[in-house]
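Novice: In our numbering, the protein residues as written are 24 to 622.
Input: one structure, supplied below.
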RNA sequence: GCCCCCGUAGCUCAAUGGAUAGAGCAGUAGCCUUCUAAGCUAUUGGUUGUGGGUUCGAAUCCCGCCGGGGGCGCCA
């Protein structure tokens, strides 16, 4: 945020190094000083000292050790950095050069920047790049369970983060609306549930129940398999009766999904149906055979792409990708290859992100490599954002077959119920509508935060107790800090006070409390952390920052009264509270967590 | 057999190659005439799985080993 001042310091340091005949650095690496209570940036000279030692051989055998030499350089640099605008104290310690900002000057600068940016503080300028994020690939006609949750939460958060960072984001979803599971469902419906419609507020459970029932009937009585095969054949002929029911029941599923998407803050700009890309995928495979990329082993074998052979690799790496079954029916690969092409045709993408669990990592590499071999230059801009799966305690994999599923709607309902209990207890004077709003924000926020506050590569173990734990390092703590900030501002307004948020112009009148400096420091990091989270696809950086912000604000809240402060201090703190509220609200917003004004 | 991921406090997890490895939970002892106690304070807790290497400096990068999980020609 203070590039100008930093630049000035950098120029002076490099001038000093040149004057001393020391090797020049490509650029100076600045880090925040990792101690509380003061605020500044630091750089170290170990690298420089080590480089110097390498360049000039030590003949006497009594050269200064690197750490000590780094300290000498730091001290020398510190001496030349007198009267540096914007900085107060300067110190050289243990090889590090620490430049401390003049707290009030910078605090004002940070706060003003936040208040000007308002609800868009933290977001970056447009990068003029268009990126598609595909996430949520549920099967229609089946249940939605907590295993799907991480994908949706991660995908939607990544979209928000990329958007805030300055990318144009296209959110896409890829429902599995065809296949054996759909036929089974249709068979069960036609034979045992004809004419029924799903309960409007519990569609997905009903759809899932009917699927489970179909599965049960068929496994209990293998003779019925032929009926299902028969129905599949009718579907293949596009029998109008079957197609009509398929369209209608698919819509039920989609309506049910939409209900959950809305609650979870998930939305899409484009829906790609599996049914939409299947035929084109098969045509594409023909094309691949014609071009000699794919080998047609039918009828004895499937159509395959020998990736290692095509790439001339000695050691196995990409192996063999099967792109069409020996009976000519399609596979995931058939469709995924065409889908990738379609996405680029539709939107001329600069990047294409796939949010899919890590078990598909190898498969995704095969797909991208095949696209590269096909000659698509954008293949290198495809990226598989892999995340680890959600397990149940004892490393039990969630499976609808084993009956280990926790339905998403049950989880959301239970979380909301639990949150409502706590709201009733903590804040009974709220209206019923307010309680509803708060418990929803808390429950969904807690679920989202827990999922996002874990590195993508780490498995999540789902258990009810920790999923519904609203204490400690969790969304409600951050939300509560936001509520307190809102509360202070509300009281100021209620006192008839004009919220004096314009520049406070007497920076000499008082000094800042350490909690204020800490808070300002964290607020100033939001734009950088958003860029980092976008670059690394890690919402974790923002859950960390949001929590630290909340904690810093709570410390400030306990240490620094606002309403009862002296007028000048009170004005400063009011501005600081207003800035904190934006920083908290904005970081929660990109995480897809609602920031309530009361709770 | 080959490839990928993980291993940090009793538990769940953090930590751009950088200064004293940090939080939460659980435990113990306290704090509501105060801007909301969904909070705060104090306190306990570590050979960062293990052995080498690179580096001025390694939880972080490289190699080996141990333990756990996942993937590898017609599942999705």
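We treat Cβ as the ideally placed atom computed from N, Cα and C, and that holds for glycine.
A quick note: this is a predicted structure, and the numbers were derived from the prediction, not measured.
Buried or exposed for residue 359, going by 16 or more other Cβ atoms inside 10 Å?
Specialist: buried
Novice: So what's residue 264 in DSSP terms, helix, strand or just coil?
Specialist: helix
Novice: With DSSP collapsed to three states, give me the class of residue 538.
Specialist: Taken through DSSP and simplified to helix, strand or coil, residue 538 comes out as helix.
Novice: To the nearest angstrom, how far is the alpha carbon of residue 70 from that of residue 361?
Specialist: Distance between the alpha carbons of residue 70 and residue 361 is about 50 angstroms.
Novice: Looking only at its chain, what residues have a beta carbon closer than 6 angstroms to the beta carbon of residue 592, apart from the 5 residues adjacent to it on each side?
Specialist: Result list for residue 592: 533, in chain order.
Novice: Which same chain residues end up closer than 8 angstroms to residue 44 when comparing Cβ atoms and leaving out the 5 residues on each side of it in sequence?
Specialist: No residues qualify anywhere along the chain.
Novice: Mark residue 385 as exposed unless 16 or more other C-beta atoms lie within 10 angstroms of its C-beta, in which case mark it buried.
Specialist: exposed
Novice: Hey, how far is the Cα of residue 96 from the Cα of residue 126?
Specialist: 26 angstroms
Novice: How would you label residue 441, buried or exposed, when you count the other beta carbons within 10 angstroms and need 16 or more for buried?
Specialist: buried
Novice: Spell out the partners DSSP gives residue 408 in its beta bridges.
Specialist: 378
Novice: Can you list, in chain order, the residues of its chain with a C-beta nearer than 7 angstroms to that of residue 286? Leave out the 5 residues immediately preceding and following it.
Specialist: Same-chain partners within the cutoff: 435 and 467.
Novice: Is the beta carbon of residue 23 less than 8 angstroms from the beta carbon of residue 250?
Specialist: Residue 23 falls outside the range modelled here, since the chain spans only 24 to 622, and no answer is possible.
Novice: With C-beta atoms as the reference, is residue 463 less than 8 angstroms away from residue 618?
Specialist: no
Novice: Using the DSSP secondary-structure output, state which residues sit across from residue 617 in a beta bridge.
Specialist: Bridge partners of residue 617: none, in fact.
Novice: Reducing DSSP to helix, strand and coil, say where residue 483 ends up.
Specialist: strand
Novice: Rank 502, 544 and 412 by C-alpha distance to the C-alpha of residue 483 and give the top, closest one.
Specialist: The residue from 502, 544 and 412 with its alpha-carbon nearest to that of residue 483 is 412.
Novice: Is residue 606 closer than 8 angstroms to residue 137 when the C-beta atoms are compared?
Specialist: yes
Novice: Check each candidate in 582, 559 and 459 and name the one with the smallest Cα separation from residue 538.
Specialist: 582
Novice: Would you kindly report the start and end of the unbroken alpha helix (DSSP H) that includes residue 237?
Specialist: 226-243
Novice: If you measure between the beta carbons of residue 365 and residue 300, is that distance less than 8 angstroms?
Specialist: yes
Novice: Rounded to the nearest angstrom, what separates residue 202 and residue 132 at their Cα positions?
Specialist: 59 angstroms
Novice: Below 7 angstroms CB to CB, which residues in the same chain sit around residue 111 once its five sequence neighbours on both sides are set aside?
Specialist: Sequence-distant Cβ neighbours of residue 111 in its own chain, meaning closer than 7 angstroms and more than five residues away, are 123, 124 and 125.
Novice: Smallest Cα separation from residue 569: which of 502, 559, 206 and 280?
Specialist: 502
Novice: CB residue 392 to CB residue 330, shorter than 8 angstroms?
Specialist: yes
Novice: Just curious, the beta strand (DSSP E) that residue 121 is in, first and last residue?
Specialist: 119-124
Novice: Is it a yes or a no for the stretch 218-230 touching the stretch 267-285, going by three-plus beta-carbon pairs under 8 angstroms?
Specialist: yes
Novice: So, helix, strand or coil for residue 110, using DSSP?
Specialist: strand
Novice: Compare the beta carbon distance of residue 169 and residue 429 with 8 angstroms and say whether it is the shorter of the two.
Specialist: yes
Novice: Evaluate the contact criterion for the stretch 152-159 versus the stretch 372-379: three or more CB pairs, one atom per stretch, below 8 angstroms.
Specialist: yes
Novice: Could you pull the start and end residues of the beta strand (DSSP E) that residue 414 belongs to?
Specialist: Run containing residue 414: 413-415, per the beta strand (DSSP E) assignment.
Novice: Residue range of the alpha helix (DSSP H) that residue 462 falls in?
Specialist: 455-475
Novice: Classify residue 5 as helix, strand or coil using the three-state DSSP reduction.
Specialist: The question about residue 5 has no answer, for the chain in this structure spans 24 to 622.
Novice: Do three or more CB pairs link the stretch 157-166 to the stretch 188-199 at distances below 8 angstroms?
Specialist: Yes: at least three Cβ pairs fall under 8 angstroms.
Novice: When the Cα of residue 213 is compared with those of 238, 418 and 265, which residue comes out closest?
Specialist: 265
Novice: Between residue 613 and residue 183, which are expected to be in contact by the criterion C-beta below 8 angstroms, what is the C-beta distance as a whole number of angstroms?
Specialist: 4 angstroms
Novice: Using only CA atoms, which one of 316, 172, 324 and 165 lies nearest to residue 272?
Specialist: 165
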